[in-house]
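For the sequence shown, position 27 (counting from the first letter as 1) is numbered 32 according to this note's numbering, and the numbering increases by one without interruption.
Cβ coordinates follow ideal geometry from the N, Cα and C atoms, glycine included.
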Amino acid sequence: MILIYTTHKNTEAAVNIGDLLIKDKLAACVNIWPIQSIYRDGDEIKSHLEAAMLIKTFEQKLQQIEEVIEKNHPDKTPFIGAVDVRRFNRSYREWMMEVVK
Numbered sequence: 006m007i008l009i010y011t012t013h014k015n016t017e018a019a020v021n022i023g024d025l026l027i028k029d030k031l032a033a034c035v036n037i038w039p040i041q042s043i044y045r046d047g048d049e050i051k052s053h054l055e056a057a058m059l060i061k062t063f064e065q066k067l068q069q070i071e072e073v074i075e076k077n078h079p080d081k082t083p084f085i086g087a088v089d090v091r092r093f094n095r096s097y098r099e100w101m102m103e104v105v106k
């Protein structure tokens, strides 16, 4: 299993991409929550509300998920990071194997 982390301009944008991932059976679950982001844009420091997204899926779906996010994300270069989860409960793994195709 991997966890993919990315951010979006708001929860509506995140939900739209999350729906695509679930409908296409690329992810088992998508968690979305509001966050405050601070970053540098050239010489300017910006701060605003965004939505974070955590996607639970299998390693072999990473490339397809990256493509969906890049195609549907309004930012020119969205961050998409993946973390390998080496151990998680068996019952959740079995459920994931049924819903991610």
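Quick check: what's the CA-CA separation for glutamate 55 versus arginine 98? Within the sequence shown, residue 55 is the residue found at index 50, counting from 1. Within the sequence shown, residue 98 is the residue found at index 93, counting from 1. Near 30 angstroms, if we compare the C-alpha coordinates of arginine 98 and glutamate 55.
Let me know if isoleucine 35 comes out buried or exposed under the rule of 16 or more other beta-carbons within 10 Å of its beta-carbon. Within the sequence shown, residue 35 is the residue found at index 30, counting from 1. Looking at the sequence itself, residue 35 is valine, so the reference to isoleucine does not match. Classification of valine 35: buried, given that the 10 Å Cβ count is 16 or more.
If we ignore side chains and look at the alpha-carbon of each, how far apart do threonine 12 and valine 88 end up? As a first step, residue 12 must be located in the sequence shown, where it is residue number 7. As a first step, residue 88 must be located in the sequence shown, where it is residue number 83. So the alpha carbons of these two residues sit roughly 15 angstroms apart.
Kindly indicate the opening and closing residues of the alpha helix (DSSP H) around methionine 102. For the purposes of this step, residue 102 is taken as the residue at position 97 of the sequence shown. Taken as a continuous stretch (DSSP letters only), the alpha helix (DSSP H) holding methionine 102 covers 95 to 104.
Could you work out which residue in Gly86, Ala57 and Pro79 is closest to glutamate 71 when comparing CA atoms only? For the purposes of this step, residue 71 is identified with residue 66 of the sequence shown, where counting begins at 1. The shortest Cα separation from glutamate 71 among Gly86, Ala57 and Pro79 belongs to Gly86.
What does a CB cutoff of less than 8 angstroms around valine 90 pick up in its chain, not counting 5 residues either side in sequence? As a first step, residue 90 must be located in the sequence shown, where it is residue number 85. Taken in chain order, the residues that qualify are Met6, Ile7 and Leu8.
Suppose the cutoff is 8 angstroms on Cβ atoms and the five residues either side in sequence are ignored; what does the same chain contact list for phenylalanine 63 look like? To locate residue 63, count along the sequence shown from 1; it is residue 58. So the list reads Met6, Ile7, Met101 and Val105, once near-sequence residues are dropped.
Of all the options Leu26, Ile50 and Asp46, which has the alpha carbon lying nearest to the alpha carbon of threonine 82? For the purposes of this step, residue 82 is taken as residue 77 along the sequence shown, with counting starting at 1. Here the closest residue by C-alpha is Asp46.
Since isoleucine 60 and alanine 32 are thought to touch, with beta carbons under 8 angstroms apart, how far apart are those beta carbons, to the nearest angstrom? Counting from one through the sequence shown, the residue named residue 60 turns up at place 55. Counting from one through the sequence shown, the residue named residue 32 turns up at place 27. About 5 angstroms; that satisfies the 8 angstroms criterion.
My guess is that isoleucine 22 and valine 73 are in contact by the Cβ rule of under 8 angstroms, so how many angstroms apart are they, rounded? For the purposes of this step, residue 22 is taken as the residue at position 17 of the sequence shown. For the purposes of this step, residue 73 is taken as the residue at position 68 of the sequence shown. Isoleucine 22 to valine 73, Cβ: 7 angstroms. Contact.
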